[in-house]
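Step one of this worksheet: look at the structure below.
In UniProt numbering, the protein residues as written are 1 to 614.
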């Protein structure tokens, strides 16, 4: 029985955990990111210092950033691997909350190992202790409870084995996964214990492909076979389960067009005749027109966010939903007929149950017409003359061309995710990586690091606006220090473009959406110089020809390069006209405010309840 500290036991255990699906085995937690300080340096810090290659350590610059990196890594590996993140107590621990919320909302596994106050309480109050008068057992790490799928505090060494096994179970459960937190009091981390040998044996966690109930599949097939205008909405679950080939076969054999959520983008190649592209608030006119007239919607691996459903206004009153999802929680949405199981397996069996059935040629011809109409709109938006100043949509077109079929675009917040969703043309299911479940400003560069660590053979293009960049530029230093090569396209329009437009639409007059001093003068901010000061190579561009040349240069080098391009925040990309529920002041002293409220009331009247019995 080896005698190790609790921290040493955690590190030794993690180094021997593997996941397996379809016969392919990989390390479940191949590395640990961390920032050391009061609460973890003497425990996990010492353990990682002696672990070496068994559990490699990487230094990040912000605790929030390291969780974004872990989540992006998990997404890129189809949730079969993730990274551990360790922090000190106090602000180090609470800085994890935003990243943990994003991971849990996006159903992505991350392992958080924050330090905590003394379990023995002999030194209370310690530096950074909350001191809640209701109980000495309350700590700031409790803030991670609501954003974690599993949370535990290890107050005694004897508690560790059960907690570690529970943590691994949740990380590898496709229906339950998300952030997992093990809070480690600093005195307990350093405490030694005689551990059973079995705790450190290699352990393989088999990620299942649960099969759906046969009766549920039969009910779903009956509804689908009766459909005349069906639409398949592909979510992230299609990609995580490796169901893209099954989806293509289903679409082709039955003539069902496919629209994609943000997480599902790339589930079907953009140039496939049945690919309608993005759906919902950030959707294409083609997808949204077909969605509005669909009699049956087959949702595969989607959680039906308000952007996908246009806040409940996109699909018609009589639409029926058949939901294939690994989680019953998501399968039950919109009163859908529930098919609870792995996306790949469920689509395959559903396709077999619908053998001999297909949509009418006239319906497929309407899909083709709408696709061609939208393609022409998108082509115009993605193009700009070589000598012209870049627009945001033309920047996207240039980056898409530079990325090619295997490059990966990473984005998260602002106006770009909407333009990307409509305009990016994916040939590979892993080429599009936009965090839009939480739409977290600052995710982009940290997420790009996670993508590149998971897929070092791919070029990673980080598209980030000035607002998001200022939230978390420090992870550029991490990319440089770790030798993680990124191409960062910093689109600078000196303000918050998306919120500015939203502000204007609700009568708030773009308050607080421009970088200016109190007199209204632009601030003398040079984001390119900031990026260079963090160690990145810098290329400034002012025309489309310069942008394309800069992207070629950035691809050719081995260092992280920032391409700084200025655009106009008042320019907007093509819009599909879908409604999004943003409450507007019921009374206002301005004409604009009253008009915005009237438009809001009109929009609310178009919402459907979707209470059809499944």
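Glycine included, every Cβ here is placed at the ideal spot set by N, Cα and C.
Values in this document were obtained by computation on a predicted structure and should not be read as measured data.
Checklist entry - Is the segment 226 to 241 close to the segment 294 to 313, with three or more CB pairs under 8 Å? => result yes
Item to check | Best match in 28, 113 and 220 for proximity to residue 613 [C-alpha to C-alpha] | outcome: 220
Next on the checklist: Check for me: the beta strand (DSSP E) holding residue 436 runs from which residue to which?
Outcome noted: Here residue 436 belongs to no beta strand (DSSP E), and DSSP marks it neither H nor E.
Next on the checklist: With distance defined between alpha-carbon atoms, name the residue in 463, 374 and 368 nearest to residue 399.
Outcome noted: 463
Item to check | Assigned secondary structure, residue 195 (DSSP; H/G/I helix, E/B strand, else coil) | outcome: coil
Item to check | Buried or exposed by the 16-neighbour rule on C-beta atoms within 10 Å, applied to residue 570 | outcome: exposed
Item to check | Within 8 Å, strictly: CB atoms of residue 153 and residue 241 | outcome: no
Checklist entry - For residue 371, which of 611, 273, 133 and 423 has the nearest alpha-carbon? => result 273
Checklist entry - Where in the segment 24 to 57 do unbroken runs of the beta strand (DSSP E), each at least 3 residues long, occur, reported from the N-terminal end onward? => result 24 to 27 and 32 to 34
Checklist entry - According to DSSP, is residue 123 helix, strand or coil? => result coil
Checklist entry - Roughly how far, in whole angstroms, is the beta-carbon of residue 541 from the beta-carbon of residue 563, given that I think they are within contact range, below 8 Å? => result 6 Å
Checklist entry - What span of residues does the beta strand (DSSP E) with residue 564 cover, start to end? => result 561 to 566
Checklist entry - Given 8 Å as the limit, is there contact between the segment 389 to 397 and the segment 275 to 285, that is, 3 or more CB pairs closer than that? => result no
Next on the checklist: Three Cβ pairs or more, each shorter than 8 Å: is that satisfied between the segment 70 to 81 and the segment 102 to 119?
Outcome noted: yes
Next on the checklist: DSSP three-state label for residue 505, please.
Outcome noted: helix
Checklist entry - What do you get for residue 403, buried or exposed, if any count of 16 or more other CB atoms within 10 angstroms of its CB means buried? => result buried
Checklist entry - Cα-Cα, which of 419, 444, 27 and 490 is closest to residue 412? => result 444
Item to check | Stretch pair the segment 88 to 101 + the segment 138 to 151: three plus CB contacts closer than 8 Å | outcome: yes
Checklist entry - Do residue 321 and residue 509 have their C-beta atoms closer together than 8 Å? => result no
Next on the checklist: Counting C-beta neighbours from all protein chains within 10 Å, is the total for residue 605 16 or more, i.e. buried, or is it exposed?
Outcome noted: exposed
Checklist entry - Around the C-beta of residue 557, are 16 or more other C-beta atoms found within 10 angstroms, so that it is buried, or is it exposed? => result exposed
Item to check | Limits of the beta strand (DSSP E) - the one that residue 463 falls within | outcome: 460 to 465
Item to check | In DSSP terms, what residue 320 is bridged to | outcome: 296
Checklist entry - From 181, 503 and 156, pick the residue whose C-alpha is nearest to that of residue 167; which is it? => result 181
Checklist entry - Which value, in whole angstroms, describes the spacing of the CA atoms of residue 218 and residue 353? => result 7 Å
Checklist entry - Can you tell which of 308, 479, 573 and 456 has the C-alpha that lies nearest to the C-alpha of residue 377? => result 573
Checklist entry - With a cut-off of 8 Å, do at least 3 Cβ pairs link the segment 448 to 465 to the segment 490 to 504? => result yes
Next on the checklist: Rounded to the nearest angstrom, what separates residue 195 and residue 157 at their Cα positions?
Outcome noted: 9 Å
Checklist entry - Would the beta-carbon of residue 452 be found less than 7 Å away from any heavy atom of the ligand COA? => result Ligands are entirely absent from the displayed structure, and the ligand COA is therefore not among its contents.
Checklist entry - residue 491 lies in the beta strand (DSSP E); which residues open and close that run? => result 487 to 492
Checklist entry - CB-CB under 8 Å to residue 197, same chain, minus the five flanking residues each way: which ones, in chain order? => result 1 and 2
Checklist entry - From which residue to which residue does the beta strand (DSSP E) around residue 18 run? => result 17 to 21
Item to check | Residue range of the beta strand (DSSP E) that includes residue 363 | outcome: That residue, residue 363, is in no beta strand (DSSP E); its alpha helix (DSSP H) goes 361 to 382.
Checklist entry - Given residue 126, which residues of its chain have a CB within under 7 Å of its CB, disregarding the five upstream and five downstream residues? => result 117 and 118
Checklist entry - What is the residue span of the alpha helix (DSSP H) that residue 246 lies within? => result 244 to 254
Checklist entry - From which residue to which residue does the alpha helix (DSSP H) around residue 86 run? => result Unbroken run through residue 86 is the beta strand (DSSP E), 84 to 87; no alpha helix (DSSP H).
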